[in-house]
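Okay, structure first, notes after.
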Amino acid sequence: MRESGRRERVRKSSPNPIEAGRHAAGKIPSPSQERIPCLMKFKLSPLDEMAPRGRRRLSVLACIALFLSVSACRKSDPVSPEKEKGLSRLSTSGNRIVDASGTPVILRGINRSGLEYDKNGNRISEEEIRFICTQWKARVIRLPFNQDWVANDLDYLNFMDRVIGWINQAGAYAMIDLHWEDTTVRIPPIPNVLAAFMWQTLAARYRDNPGVLYDIHNEAHNTTWTAWRNRAVQIIEAI
6 MRESGRRERV
16 RKSSPNPIEA
26 GRHAAGKIPS
36 PSQERIPCLM
46 KFKLSPLDEM
56 APRGRRRLSV
66 LACIALFLSV
76 SACRKSDPVS
86 PEKEKGLSRL
96 STSGNRIVDA
106 SGTPVILRGI
116 NRSGLEYDKN
126 GNRISEEEIR
136 FICTQWKARV
146 IRLPFNQDWV
156 ANDLDYLNFM
166 DRVIGWINQA
176 GAYAMIDLHW
186 EDTTVRIPPI
196 PNVLAAFMWQ
206 TLAARYRDNP
216 GVLYDIHNEA
226 HNTTWTAWRN
236 RAVQIIEAI
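Positions in the sequence shown are counted from 1; adding 5 to them yields the numbering used here.
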């Protein structure tokens, strides 16, 4: 009985490893962070609790992907300042993200999950976006999306347009995120060639909007740096 009671106390006092990892995120630098500083800092929205728990961790590779993809978009057509609410087109200078004047930019914001498994974005609303940007001072909101719906559902794309518009009107950047390429409970897999074509389609759709950023892949698991770099370059060239 004593041994059973001790095991029960240990189980109750042991921290949840996922929660511990979330609290520790961003505090322990990794080698890749030292070589290419992550200029984006995210915190999780309470609504992220709706997402599968094993998928909440933000990857350092997401920062690298944005760094590379923004560089690929440098030659986009210029947009008049009144097109979006004070949002400057971003580019790269060395290992920094800079605005149109060359001033370094650090993007702080949240990941708003929902659009990757719900066509209505898990009840995402303009009021919620405004609150996130005005009260939490978010400068970027990441939107994971569903690649199957992007390819096959125009209504879904139109809703993405609306959400991106809400974010931009609130003065923040919208980062559209290919969260998974493999099969999940809710999302079918996407072949490499279709991923490149999909990004090409999205880049053409948003090329005149300086308030849209591209996170070309969330978590590149079980791969080497060389393989991931080659994959990233393929997608960047498509964009």
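Here a beta-carbon is modelled for each residue, glycine too, at the ideal position from N, C-alpha and C.
Bear in mind the structure is a predicted one, so any value in this text is a computation, not a measurement.
Supposed contact pair residue j and residue i - C-beta distance, whole angstroms, cut 8 Å
i	j	result
I146	R128	In fact, because the Cβ distance is near 15 Å, the residues do not count as touching under 8 Å.
A177	G114	7 Å
K124	W171	Contact flag wrong, Cβ pair sits at about 16 Å.
Where residue i falls, given that 16 or more other Cβ within 10 Å makes a residue buried
i	result
R167	exposed
D220	buried
W141	exposed
I192	In this prediction, I192 scores a pLDDT of 49, lower than 50, which makes its location untrustworthy; no coordinate-derived value is stated.
E132	exposed
F136	exposed
S74	Residue placement at S74 cannot be trusted, given a pLDDT of 42 that sits under 50; what the coordinates show is reported in the next sentence. Its Cβ being crowded by 16 or more others within 10 Å, S74 is buried.
N163	exposed
N100	exposed
Strand pairing of residue i, partner residues [DSSP]
i	result
M180	R147, L218
T97	I102
Residues near residue i by beta carbon distance below 7 Å, same chain, minus five either side
i	result
T228	none
C138	A175, G176, A177
Closest by C-alpha distance to residue i, when choosing among the options
i	options	result
R210	A232, R236, I181, H222	I181
L120	D160, G99, G216	D160
8 Å Cβ cutoff, residue i in contact with chain C
i	result
R117	Of the chains in the structure shown, none is chain C; there is only one protein chain.
Neighbourhood of residue i by C-beta distance below 8 Å, restricted to the same chain and skipping five residues each side
i	result
W230	none
V103	L95, S96, T97, P109, V110
G91	G176
Own chain partners of residue i with C-beta closer than 6 Å, once the 5 adjacent residues on each side are dropped
i	result
I240	A201, W204, I221
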